[in-house]
Amino acid sequence: GRDARSKDEL
Amino acid sequence: MNIFRLAGDMTHLLSILVLLLKIYATKSCSGVSRKTQELYAIVFLARYLDLFTDFISVYNTFMKIVFIASSLAIVWCIRVHPMVKRSYDKDLDTFRHYLLVAASFLLALFLHEKFTFLEIFWAFSIYLEAVAILPQLVLLQRSGNVDNLTGQYVFFLGAYRGLYILNWIYRYLTEPRFTRWIACVSGVVQTALYADFFYYYFISWKNNSKLKLPA
Chain A
70 GRDARSKDEL
Chain B
688 MNIFRLAGDM THLLSILVLL LKIYATKSCS GVSRKTQELY AIVFLARYLD LFTDFISVYN
748 TFMKIVFIAS SLAIVWCIRV HPMVKRSYDK DLDTFRHYLL VAASFLLALF LHEKFTFLEI
808 FWAFSIYLEA VAILPQLVLL QRSGNVDNLT GQYVFFLGAY RGLYILNWIY RYLTEPRFTR
868 WIACVSGVVQ TALYADFFYY YFISWKNNSK LKLPA
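The listed protein sequences derive, respectively, from chains A and B. All residue numbers for the first sequence refer to our numbering, where the first residue is 70 and numbers rise by one. All residue numbers for the second sequence refer to our numbering, where the first residue is 688 and numbers rise by one.
Here it is as structure tokens:
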């Protein structure tokens, strides 16, 4: 999957 | 996670609970724009496409499911539930919201973090959320007096993204290389669209009078 850290917000 | 983001998420959750309470308690959606609710359902579906592929935390997954389920439930209520459906005033809710969907998607095709399906739909959801409240604000201006729960719903919905702005400032100051330009700029625009509502909401709170938006 994508870099999880880059989309850690709702 | 920081206090601003947690407060933002809780305020967002609160706005949804207030709207659900209003619809459930009054069995009516008067003063609520179905179009804004539909736009928010699209926002969550487009933003959380990675719900099953990218696990961040239990909290993150739980909240995503709550937002998707609640937004779809509200649209279902206004469209299908016989009691609620009857109170929907389609002559007042006339904003051409499909233009907002088209413009947001077009912008996402040009302005995104990476040219991938997930990132384009994520940017689309960010841009769409920024303008999703417009049909609701237009409806409030047309429908004159605003009932308390609907007013509180819009207030909390506007406040949550304002708290996210504080979260982005905090993360920018504390995390090296933290940049979220798309979300930040869009979030500022989104919160700015509530400026006049916040003003009249504050006036009605100070004077303890009915919330009234000038036509």
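Ideal Cβ placement from N, Cα and C applies to all residues, glycine included. Here the structure is a predicted model, which is why all the values come from computation and not from measurement.
Out of Pro-901(B), Leu-815(B), Lys-714(B), Phe-742(B), point me to the one whose CA is closest to Asp-883(B)'s CA.
Within the second sequence, residue 883(B) is the residue found at index 196, counting from 1. Minimum Cα distance to Asp-883(B) is reached at Pro-901(B).
Which stretch, first to last residue, makes up the alpha helix (DSSP H) that contains Arg-829(B)?
On the second sequence, residue 829(B) is found 142 positions in, with the first residue counted as 1. Start and end: 821–829.
Measuring alpha carbon to alpha carbon, tell me which of Thr-713(B), Leu-726(B), Phe-802(B), Ser-873(B) ends up nearest Tyr-785(B).
Taking the second sequence and counting its residues from 1, one reaches residue 785(B) at position 98. Taking only the C-alpha atoms, the option nearest Tyr-785(B) is Leu-726(B).
Going along chain A, which residues have a C-beta under 8 Å from Met-750(B)?
The count along the second sequence starts at 1 and reaches residue 750(B) at position 63. Near Met-750(B) (Cβ distances below 8 Å), the residues of chain A are Leu-79.
With DSSP as the reference, label Lys-722(B) as helix, strand or coil.
Locating residue 722(B) in the second sequence gives position 35, where the first residue counts as 1. It is helical.
When the Cα atoms are used, what is the spatial distance from Ser-758(B) to Ala-795(B)?
The residue given as residue 758(B) occupies position 71 in the second sequence. The residue given as residue 795(B) occupies position 108 in the second sequence. Ser-758(B) and Ala-795(B): Cα-Cα distance of roughly 22 Å.
Cβ-Cβ distance between Ala-819(B) and Ile-869(B) below 8 Å
Looking up residue 819(B) in the second sequence gives position 132. Looking up residue 869(B) in the second sequence gives position 182. No, the pair does not count as a contact, with Cβ atoms beyond the cut-off.
What's the call for Phe-802(B), buried or exposed, on a 16-neighbour Cβ count within 10 Å?
Locating residue 802(B) in the second sequence gives position 115, counting from the first residue. With fewer than 16 Cβ atoms within 10 Å of its Cβ, Phe-802(B) is classed as exposed.
Would you say Arg-692(B) reaches chain A, if we count a Cβ-Cβ gap shorter than 8 Å as a contact?
Along the second sequence, one-based indexing puts residue 692(B) at 5. Answer yes: the Cβ-Cβ gap between Arg-692(B) and chain A drops below 8 Å somewhere.
For Gly-831(B), count neighbouring C-beta atoms within 10 Å of its own C-beta (all shown protein chains included) and say buried if the count is 16 or more, exposed if not.
Indexing the second sequence from 1 puts residue 831(B) at position 144. Gly-831(B) comes out exposed.
Cβ-based contacts, 8 Å cut-off: residues of the region 829–862 of chain B near chain A:
Tyr-851, Asn-854
Pick from Val-762(B), Ala-817(B), Ser-720(B) that is closest to Ala-879(B), judged by C-alpha positions
Locating residue 879(B) in the second sequence gives position 192, counting from the first residue. The residue with the shortest Cα to Cα distance from Ala-879(B) is Ala-817(B).
With a floor of 4 residues, list each alpha helix (DSSP H) that falls wholly inside the region 870–897 of chain B, ordered by position along the chain.
882–893
When DSSP builds the beta bridges, which residues end up paired with Lys-777(B)?
Residue numbering aside, residue 777(B) sits at position 90 when the second sequence is read from its first letter. Partner(s): none; Lys-777(B) has no beta bridge.
Using a threshold of 8 Å, state whether the C-beta atoms of Arg-829(B) and Asn-689(B) are closer than that.
By 1-based counting over the second sequence, the position of residue 829(B) is 142. By 1-based counting over the second sequence, the position of residue 689(B) is 2. For Arg-829(B) and Asn-689(B), no; Cβs fall outside 8 Å.
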